[in-house]
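In the working numbering, the protein residues as written are 27 to 309.
Glycine is no exception: its CB is placed at the ideal position from the N, C-alpha and C atoms.
Predicted model, so just to flag it, every value in this text is computed and none were measured.
Notes to accompany the following structure.
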Ligand code: DGL
């Protein structure tokens with residue numbers, strides 16, 4: 027079984043793509059709704075909650091966990107991969123959703139040799155690619171995208187834009203008309219002169235696919251918008267091909283667990299998934 031962890035419901039936008047791309051896999055989705063949103067918490071808090079969620083998924087039989095939350099992955103994934111996992115669970119693996127996005131923008135798998143040769147796949151402008159990252163303030167402050175992109179493709183120019191109100195508004199069920207001015211303000215800040223128009227804009231929060239159309243409205247049409255579901259699914263397919271021991275032995279199914287109130291979560295989470303999802307409570 028493969029575990030998918032998120033602070034709440036945003037990870038369902040990734041979960042949906044994983045199920046679609048890997049229909050024979052068995053998944054457990056764990057949303058930490060009882061402690062969401064993570065964006066307003068301290069890094070130490072986010073790290074501890076993420077670790078606890080991963081341990082719960084390991085305890086339920088998952089040996090591979092995907093952190094389907096940028097805020098959690100940006101805060102602690104590298105640290106837990108390097109310091110905690112090797113001695114606590116040496117046979118288990120935890121992966122995130124930042125590397126798959128970097129694979130998508132560089133056009134090369136993470137395990138390949140770093141090169142700028144394939145960047146023309148993304149834009150005729152070639153290696154001087156300009157990538158904008160729209161994310162929670164916490165993800166922006168972590169600098170995780172800047173750091174990870176620099177490791178693989180140092181010629182890519184990265185501009186970050188914090189969009190601090192969006193995840194909360196989406197969770198609260200705000201309408202397009204209520205959210206539109208906020209998106210307009212954030213993209214206005216992103217494009218303020220002398221900043222130039224990016225080639226690619228990454229929606230680096232798993233909540234944002236719900237309002238992708240609002241970003242599209244204000245971004246110039248030549249900007250390529252990327253969301254995380256499909257790129258994470260494609261990356262996981264390659265990962266399982268390289269590491270077949272993580273391919274599920276169980277029959278295909280997904281179980282949805284929450285640390286919050288399962289009745290309330292089941293009532294609202296369908297917006298992130300495209301259909302009703304029944305959550306079970308995890309005490
Ligand atoms: N969906 C989360 C992300 O991808 C943000 C939500 C939160 O703050 O918990 O960053």
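Distance, residue j Cα to residue i Cα
| i | j | result |
| --- | --- | --- |
| residue 53 | residue 266 | 14 angstroms |
| residue 98 | residue 242 | 26 angstroms |
| residue 199 | residue 109 | 38 angstroms |
| residue 92 | residue 190 | 24 angstroms |
| residue 210 | residue 203 | 11 angstroms |
| residue 268 | residue 172 | 27 angstroms |
| residue 193 | residue 87 | 30 angstroms |
| residue 271 | residue 43 | 22 angstroms |
| residue 320 | residue 264 | Only positions 27 to 309 of the chain appear in the structure, and residue 320 is not among them; the question remains open. |
| residue 57 | residue 255 | 16 angstroms |
| residue 33 | residue 248 | 33 angstroms |
| residue 230 | residue 161 | 5 angstroms |
| residue 180 | residue 250 | 20 angstroms |
| residue 134 | residue 35 | 29 angstroms |
| residue 284 | residue 219 | 44 angstroms |
| residue 197 | residue 296 | 12 angstroms |
| residue 206 | residue 115 | 44 angstroms |
| residue 290 | residue 309 | 15 angstroms |
| residue 261 | residue 47 | 10 angstroms |
| residue 95 | residue 37 | 6 angstroms |
Neighbourhood of residue i by C-beta distance below 8 angstroms, restricted to the same chain and skipping five residues each side
| i | result |
| --- | --- |
| residue 185 | 156, 157, 158, 159, 216, 221, 224 |
| residue 111 | 118, 119, 120 |
| residue 49 | 278 |
Exposed unless 16 or more other CB atoms sit within 10 angstroms - verdict on residue i
| i | result |
| --- | --- |
| residue 51 | buried |
| residue 302 | exposed |
| residue 226 | buried |
| residue 125 | buried |
| residue 239 | exposed |
| residue 201 | exposed |
Contacts around residue i, its chain only, beta-carbon distance under 7 angstroms, and the 5 residues preceding and following it disregarded
| i | result |
| --- | --- |
| residue 276 | 27, 52 |
| residue 169 | none |
| residue 79 | 31, 56, 58 |
Close beta carbons around residue i, own chain, < 6 angstroms, minus the five adjacent residues each side
| i | result |
| --- | --- |
| residue 292 | 304, 305 |
| residue 274 | 27, 51, 52 |
| residue 307 | 288 |
| residue 39 | 232, 235, 255, 298 |
| residue 29 | 54, 83, 88, 91 |
| residue 132 | 178, 179 |
| residue 188 | 163, 166 |
Neighbour flag for residue i against chain B, beta carbons, 8 angstroms
| i | result |
| --- | --- |
| residue 72 | Included in the structure is just one protein chain, with no chain B present. |
Distance between beta carbons of residue j and residue i, contact taken as under 8 angstroms
| i | j | result |
| --- | --- | --- |
| residue 130 | residue 257 | 4 angstroms |
| residue 61 | residue 75 | 5 angstroms |
| residue 59 | residue 286 | 3 angstroms |
Whole runs of the beta strand (DSSP E) within the region 93-131, excluding any shorter than 3 residues: 119-121
Those runs of the alpha helix (DSSP H) which lie wholly inside the region 179-233 and span at least 4 residues: 192-197, 202-216
If you scan the region 44-88 from start to end, which runs of the alpha helix (DSSP H) of 4 or more residues do you find wholly inside it? 69-85
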